[in-house]
Amino acid sequence: MATVLIVEDNDHLNNAYKIILEKSGHKAVTAFDGDEGLQQAAKTKPAVILLDLLMPNKTGLEFLEEYDAAKHPETRIIVLTNLGEEKQVKAAMALGAHRYILKAHASPQQLATIVNHIVKKEIEP
Amino acid sequence: MTKKTTSSPKPQSTTRRSIAGSQESKRNNRHAPVGFFPQDDGYCVIELLFDAEQKPVNYRFLEVNQKFKQKTGLKNPVGKTVLELVPDIEKRWFEAYGEVALTGKPAHFEDSSEVMGRWFHVYASRFGGSESRKVALLFTDISEHTAAQRALRESEQHLRATFNQVAVGIAHMSLDGKWTRVNQKFCDIVGYSSKEILSQRFQDITHPDDFAASVRAANDIRDGQAASRSLEKRYIRKDGRVVWVSVTIAPSLGRTGRIKHFITVIEDITSRKQDAESLGYRSALLEAQNEATPEGILIVDAKGKILSYNRRFVRLWGIPKELLKAKDDNAALAFAMTKLHHPKKFLTRFNYLYKHPKEVSHEELILKDGRIFERYGAPVRKSGDELYGWAWFFQDITVRKQAETALRKSEERFRHLADSMPQMVWTADPDGRLDYYNRQWYEFTGFHKGETSQSWRLILHPDDADICLEAWQESVQTGQPYQMEYRFKDRHKPGTYRWFLGKALPVRDQSGQIVKWFGTCTDIDDIRRMLDRKHELEEMAADLREQHEQLLALSDAKDEFITLASHQLRTPATGVKQFVGMLLEGYEGKLTKGQRGMLEIAYESNERQLKIIDDLLKVAHVDAGRVRLSKSPCDFGKLLTDVIREQQSAFQKRHQKVVVHKPARVVKAEADPRMIRMVLENLIDNASKYSPEGKTITVDLSRKAGHAIIAISDQGVGIYKKDRDKLFQKFSRIDNPLSTTVSGTGLGLYWGKKIIDLHGGTISVTSKIRQGTTFTISL
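Spelled out as structure tokens, the structure:
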């Protein structure tokens, strides 16, 4: 079991991810914008962060800049967004994201599988 | 008193009369009888006659002596009145004698006789008592004395006039050098008034350099060594100027023979001195010119006798001195002829000139040693027409001729060069007058060849003429280079003009003086038009850049829109996908068969929507040229294996079999693996979807001619030939028995072909109806 921080401004999706992750046995912590996400990350020190990009207060990229993944080597960040432009992918990866997944392409099962693999540090699907 | 023309002595001038009162007259008041007086004097006694008012009006002769008669010319005057003898006698005589008679005071005076032309001294004295009206008169002839005095006076007047009016200065100088008397001319010479000069000594005005000589001259006279001395010396005038004078000094002797003073006669010779100096100067100047001139000069008289020559003449010809000393023109001529290249021609010309003395000649002589002389000859005449001789001038012009030859050759080269230049070339003199045009000028303008006086206005465009010509004038005046663009009439195309670039540079000599202007007219019409076109194109390019910027901005805006639109479109579908997916995965408990069926339909519908969104976005990107390939060595065998494994569940679902043929050797090529992967996913998915259940899908990987070849074949319904061209078009759907049941956006093949094209590869299709279709990619 691991602590997974969900940073997603859409209430329904945030809730769906929380259900999926808890069912997989993880402790899900939620935040609804970039600022709150940073606070929760500092507070809970999650193993995995599911990070949306298009959010109020601070965007996902701003979150990444401020969070500074290099200082948190034990935390894996999965960008989970519906922005699929290459420049966004590159920017996120350059700021320390571990995976970049389009929300629309990930079913609940796939999402759970990916997180589980990351937590277990297994080869990811 | 018979002779009327004779008159008694009568006074001539009151100034010479002394009627009474003087001591002398008292001393001479005599009362003597007639015989008492000297026989040389005339004597008479008269009786005054008075009128009623006691005014004397006449007198009567009572007694006369012989001398009186002789001196007066009156014959038998006794007893007669003077009016009887001399009716027009002046009444003042009555008054003079009447006063003596009435007062008794004697009188004496001098007067003259007009008839006799003699002067008399008259003594008048009352004769008898106070009542007597008689007066005794004594006449002394003083004519000679009076004449001597008058002559002396006149002589003095003449001397004074001469002294003052002569053209030379005359001055008396005391033995100690003081001026004692000067005339006006002397004052004029030295510039002082007579009053000023009389207060000075000769030393004061004598030039210091002449002082000693002046003193010596005076001493010689004083010491009796000379009767007079003359010298030329200088005085310093009052105004400071120096005046040259010729001075003659002579002594003025007294009765004892001693020198009273010096008499000096001074003549102003400044002008003469200046003339003399000027003549000397001119002679020296002429001599200097004669010797300084680069010309050899020979002067001969009318008979050919050598009169003079200068050193340059001797050096030029190398004539021996003894030959010239003989002053024989013929000998000199003979010598000169030995030096000449064409002596006979020279001699012929020489003889001709001597026979035609009025001609002035100018010729060039070529010497055997290669030198060239310029000879100029002119007759020398006296004031009339008489021939005095000949003047011959010779100048060595070899260097000049060589320079002229070099210059001529240089000009020829210049003209040849100018004619071979594409530009029109011209030259002008320092005043701006054009004196040469090259061949191109005449060809273009059509002006008569060789003409240089045509006005440019004839061919200049009216709008350019004034500014062009004014600029040229300014350059000529200031010496600044000339540059201007103007249009010339194109005679080959009437009514049209061509643009020219006109340039001109001044050519200066070593002293910086402009000796020539060198100008060109370069045809820049094509360049000018190209520049105009270039300018237009630049403006168009600027417009296009602006439009491009606008398009980029629009494109960015569109990209931004697509990005946001895709996000906004995906987000709701994502919610559906997650929650329906959770239901299907049993998050809310077990589903009935009916519930599951419905939810699966909902899920698949949502998936199709997401697929459409993805395909639309991909097509939008590729159409906008926004796809950037990230190429790397791509292992196509591994790529195909991954794609087939990912889709394995779909094949199983349809009971389809996938067969892969690939060579043992790895097939690699430079490609964007992510993009190629998506293309292969689409093709394999299509092969599965359009093949009936239980069929086999074959994937062949090979290498051919350096290209990776991937062929994906199905066992589907096949595609009619007429439809094959539509396959790679946007939104194309081919009608076949499976089209209605198979979901598709009609964008996959369109996008796939674009991606293969971007890789520089090809994608093609072969098909057989009811047998199957093969898509082949070559990379």
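Going line by line, the protein sequences match chains A and B.
Following this note's numbering, the numbering of the first sequence begins with 1 at its first residue and continues without gaps.
Following this note's numbering, the numbering of the second sequence begins with 1001 at its first residue and continues without gaps.
Glycine included, C-beta positions come from ideal geometry on N, C-alpha and C.
These numbers were taken from a predicted model, which means no experiment stands behind them.
Quiz item: How would you label Met1675/B, buried or exposed, when you count the other beta carbons within 10 angstroms and need 16 or more for buried?
Solution: With 16 or more Cβ atoms within 10 Å of its Cβ, Met1675/B is classed as buried.
Exercise. Tell whether a beta-carbon distance below 8 Å holds between Thr1574/B and Lys103/A.
Key: Result yes, Cβ atoms of Thr1574/B and Lys103/A sit closer than 8 Å.
Quiz item: Using CA coordinates, which residue listed in Ser1649/B, Lys1618/B, Ile1697/B, Ile1684/B is at the minimum distance from Gly84/A?
Solution: Gly84/A has its Cα closest to that of Lys1618/B, out of Ser1649/B, Lys1618/B, Ile1697/B, Ile1684/B.
Quiz item: Who does Ser1713/B pair with in a DSSP beta bridge?
Solution: In the DSSP assignment, Ser1713/B is bridged to Thr1698/B, Thr1774/B.
Self-check item: Beta-carbon neighbours of Ser107/A, restricted to chain B and to distances below 7 Å
Solution: The contacting residues are Lys1577, Gly1581.
Quiz item: Quick one: Cα of Pro1106/B to Cα of Phe1186/B, how far?
Solution: For Pro1106/B and Phe1186/B, the distance between alpha carbons rounds to 53 Å.
Exercise. Give the straight-line distance between the Cα atoms of Ile1763/B and Lys90/A, rounded to the nearest whole angstrom.
Key: Cα to Cα, Ile1763/B sits roughly 30 Å from Lys90/A.
Exercise. Could you list the residues in the segment 5-30 of chain A with a C-beta less than 8 Å from some C-beta on chain B, going in chain order?
Key: For the segment 5-30 of chain A, the set of positions with a beta-carbon nearer than 8 Å to some beta-carbon of chain B reads Asn10, His12, Leu13, Ala16, Tyr17, Ile19, Ile20, Lys23 in chain order.
Quiz item: Does the distance from the C-beta atom of Leu1639/B to that of Leu1680/B stay below 8 Å?
Solution: Taking a C-beta distance under 8 Å as the contact criterion, Leu1639/B and Leu1680/B qualify as a contact pair.
Practice problem: Would you mind telling me which residues of chain A sit closer than 7 Å to His1567/B, beta carbon to beta carbon, in chain order? | Solution: Taking a Cβ-Cβ threshold of 7 Å, the residues of chain A close to His1567/B are Leu54, Asn82, Leu83, in chain order.
Quiz item: Residues of chain B with CB under 9 Å from Ala92/A, in chain order?
Solution: The contacting residues do not exist; Ala92/A stays about 14 Å from chain B at best.
Quiz prompt | Tyr17/A versus Lys121/A: straight-line alpha-carbon distance, rounded | solution = In this structure, the straight-line span from the alpha carbon of Tyr17/A to that of Lys121/A is close to 20 Å.
Quiz item: Listing by chain order, which chain B residues have their CB less than 7 Å from the CB of Ala104/A?
Solution: Listed along chain B, the residues sitting closer than 7 Å to Ala104/A by beta-carbon distance are Arg1570, Ala1573, Thr1574, Lys1577, Leu1610.
Practice problem: Examine chain A for any beta-carbon lying closer than 8 Å to the beta-carbon of Glu1681/B, and answer yes or no. | Solution: With 8 Å as the cut-off, Glu1681/B does not count as an interface residue toward chain A.
Quiz item: Can a CB atom of chain A be found closer than 8 Å to the CB of Leu1779/B?
Solution: Chain A has no Cβ within less than 8 Å of the Cβ of Leu1779/B.
Self-check item: Contact list for Leu1617/B against chain A, beta-carbon separation under 8 Å
Solution: Near Leu1617/B (Cβ distances below 8 Å), the residues of chain A are Gly84.
Exercise. Report back the beta-carbon spacing between Tyr1123/B and His1108/B to the nearest angstrom; my notes put them in contact at under 8 Å.
Key: Contact holds; Cβ gap of about 5 Å.
Practice problem: Can you give me the start and stop residues for the beta strand (DSSP E) that Met1173/B sits inside? | Solution: Unbroken beta strand (DSSP E) run through Met1173/B: 1169-1173.
Quiz item: My guess is that Ala1217/B and Ile1189/B are in contact by the Cβ rule of under 8 Å, so how many angstroms apart are they, rounded?
Solution: With 8 Å as the limit, Ala1217/B and Ile1189/B do not qualify as a contact, their Cβ atoms being about 18 Å apart.
Self-check item: Tyr1587/B - DSSP class collapsed to helix/strand/coil
Solution: Of the three classes helix, strand and coil, the one that applies to Tyr1587/B here is coil, per DSSP.
Practice problem: Run the CB neighbour count on Gly1479/B, radius 10 Å, all protein chains shown included, and call it buried at 16 or more, exposed below. | Solution: Taking all protein chains shown into account, Gly1479/B has fewer than 16 neighbouring C-beta atoms within 10 Å of its C-beta and is therefore exposed.
Quiz item: In the DSSP assignment, what are the bridge partners of Ile1644/B?
Solution: The secondary-structure analysis by DSSP pairs Ile1644/B with nothing; it has no beta-bridge partner.
Practice problem: Select from Lys1721/B, Asn1682/B, Pro1077/B the residue whose C-alpha is nearest the C-alpha of Gln1066/B. | Solution: Nearest C-alpha to Gln1066/B: Pro1077/B.
Quiz item: With which residues is Pro1633/B paired in a DSSP beta bridge?
Solution: Answer is Glu1670/B, bridged to Pro1633/B.
Self-check item: Proximal residues to Glu1047/B (C-beta, below 7 Å), its chain only, five neighbours per side dropped
Solution: If the five residues before and after Glu1047/B are omitted, its C-beta is found closer than 7 Å to the C-beta atoms of Tyr1059, Arg1060, Leu1062, Arg1133, Lys1134, all from its own chain and listed in chain order.
Practice problem: On the DSSP bridge assignment, give the partners of Glu1063/B in chain order. | Solution: In DSSP, Glu1063/B forms a bridge with Val1045/B.
Exercise. Please list, in chain order, all residues of the same chain as Leu1683/B whose beta carbon is under 6 Å from its beta carbon, the five residues on each side excluded.
Key: Ile1712, Phe1775, listed in sequence order.
Quiz item: Looking at C-beta atoms only, is the number of pairs between the segment 1158-1173 of chain B and the segment 1138-1148 of chain B that lie closer than 8 Å three or more?
Solution: Output reads no: the segment 1138-1148 of chain B does not touch the segment 1158-1173 of chain B.
Quiz item: Cα separation between Glu65/A and Leu95/A?
Solution: Roughly 6 Å separates the two Cα atoms.
Exercise. Whole angstroms is fine: what's the gap from Leu1599/B's alpha carbon to Glu1588/B's?
Key: Spanning the alpha carbons of Leu1599/B and Glu1588/B requires a straight line of approximately 13 Å.
Self-check item: Met1/A versus Thr44/A - alpha carbon distance
Solution: Roughly 14 Å separates the two Cα atoms.
Quiz prompt | Phe1163/B versus Leu1152/B: straight-line alpha-carbon distance, rounded | solution = The alpha-carbon atoms of Phe1163/B and Leu1152/B are separated by roughly 16 Å.
Self-check item: Nearest neighbour of Lys1611/B, chosen from Asp1685/B, Arg1312/B, Ala1708/B [CA to CA]
Solution: Taking only the C-alpha atoms, the option nearest Lys1611/B is Asp1685/B.
Quiz item: In whole angstroms, what is the alpha-carbon distance linking Phe1731/B and Leu1591/B?
Solution: Straight across, the Cα-Cα distance linking Phe1731/B with Leu1591/B is about 38 Å.
Quiz item: Taking DSSP as the reference, what is the three-state secondary structure of Ser1246/B?
Solution: Here Ser1246/B sits in strand by DSSP.
Exercise. Could you tell me the distance, in whole angstroms, from the CA atom of Leu1584/B to the CA atom of Ser107/A?
Key: Each residue's alpha carbon lies about 11 Å from the other.
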